[in-house]
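These notes are about the structure you will find just below.
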Amino acid sequence: MGAAYGCLLGIFMGSYTKIDQGFYDVFGAASLTVGSMRMTVSLCVIFLELTNNLLLLPITMFVFLISKTVGDCFNPIAYEIILHLKGLPFLDPHTEPWIRNLTVEELADAKLALVKLYGEEKVPRIVEVLKNITHNGFLVIDQWVFPSLGLPIGAMELKGLILKAPLVAMLRKKWFLTEETNRRVGSERKIKFC
Numbered sequence: 006m007g008a009a010y011g012c013l014l015g016i017f018m019g020s021y022t023k024i025d026q027g028f029y030d031v032f033g034a035a036s037l038t039v040g041s042m043r044m045t046v047s048l049c050v051i052f053l054e055l056t057n058n059l060l061l062l063p064i065t066m067f068v069f070l071i072s073k074t075v076g077d078c079f080n081p082i083a084y085e086i087i088l089h090l091k092g093l094p095f096l097d098p099h100t101e102p103w104i105r106n107l108t109v110e111e112l113a114d115a116k117l118a119l120v121k122l123y124g125e126e127k128v129p130r131i132v133e134v135l136k137n138i139t140h141n142g143f144l145v146i147d148q149w150v151f152p153s154l155g156l157p158i159g160a161m162e163l164k165g166l167i168l169k170a171p172l173v174a175m176l177r178k179k180w181f182l183t184e185e186t187n188r189r190v191g192s193e194r195k196i197k198f199c
């Protein structure tokens, strides 16, 4: 497509200049590629290898500069468009203005609902967590550990992380412990993580 635009420009400019029309084709294709992909340096090297003419370097860089500037003004990079169409998560190259003034202290003070599972957890509690919470991973902590020196009383030790899929698989395959707690109450089913 870029080569076609370059060819049209070459036909129009043919009577005014002595530049070969093929250069317009190559410049058009390269400028369209740079405008959509934003790969300026690598395409400049490829273009110079293709033409084997070092005298075209200033013109090439000027064409690429204009193409990249116009592309930045009107549309995102083609790779970002593909990621967006596929629904894949990615970080934008430019942050939102409100994020720039955010400090780590403000993030640490945000009291988000932390969902944690203990090293040994009852099956009804796990079922309740899976039904009501949309998280994909849950912290596994040990509540019966005495805190190390310097840690506050009530601190818990992080044992690991368990994802939702293994929890669902454990429940479907009934991989849990059954303990006799009391003859009146019956048996209690638990899953032990650590």
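For the sequence shown, the working numbering begins at 6 and goes up steadily by one.
C-beta: ideal position from N, C-alpha, C; glycine also.
Might you give, ordered along the chain, the residues of its own chain that have their beta carbon closer than 8 Å to the beta carbon of residue i, omitting 5 neighbours on each side?
i	result
Leu166	Gly142, Phe143, Leu144 and Val145
Leu53	Leu59, Leu61, Leu62 and Thr65
Val128	Leu176, Phe181, Arg194, Lys195 and Ile196
Cys49	Leu62, Thr65, Met66 and Phe69
I'd like the list of long-range same chain contacts for residue i, defined as Cβ closer than 6 Å, with 5 residues on each side in sequence excluded.
i	result
Lys169	Asn141
Ile82	Arg43
Asp30	Ala8, Gly11 and Cys12
Check residue i in the structure and name its three-state DSSP category.
i	result
Tyr21	coil
Lys195	strand
Val68	helix
Thr45	helix
Lys178	coil
Ile86	helix
Phe95	coil
Thr183	strand
Glu101	coil
Gly40	helix
Val120	coil
Leu166	strand
Ile51	helix
Leu107	coil
Val16	Rather than Val, the amino acid found at residue 16 in this sequence is Ile. If DSSP states are grouped into helix, strand and coil, Ile16 belongs with the helices.
Met6	coil
Ile131	helix
Please look up how many angstroms separate the CB atoms of residue i and residue j, rounded, as I've assumed it's under 8 Å.
i	j	result
Phe32	Gly11	5 Å
Leu135	Val173	7 Å
Lys164	Gly124	6 Å
Leu88	Phe95	5 Å
Asp147	Glu133	Going by Cβ atoms, the distance from Asp147 to Glu133 rounds to 21 Å, so no, they are not a contact pair.
Buried or exposed: which applies to residue i, given that a residue is buried once 16 or more other Cβ atoms fall within 10 Å of its Cβ?
i	result
Phe69	buried
Ala9	exposed
Gly92	exposed
Glu126	buried
Ile138	exposed
Thr38	buried
Tyr84	exposed
Gly27	exposed
Ser72	buried
Ile51	exposed
Leu24	Reading off the sequence, residue 24 comes out as Ile, not Leu. It counts as exposed.
Val190	Below a pLDDT of 50, predicted positions are generally treated as unreliable, and Val190, at 49, falls in that range; no measurement from the model is reported.
Ile131	buried
Leu55	exposed
Using a Cβ-Cβ cut-off of 7 Å (strictly less than) and excluding sequence neighbours within five positions of residue i, which residues of its own chain qualify?
i	result
Val75	Gly40
Met225	Absent from the model: residue 225. The displayed extent of the chain is 6 to 199, so no value can be given.
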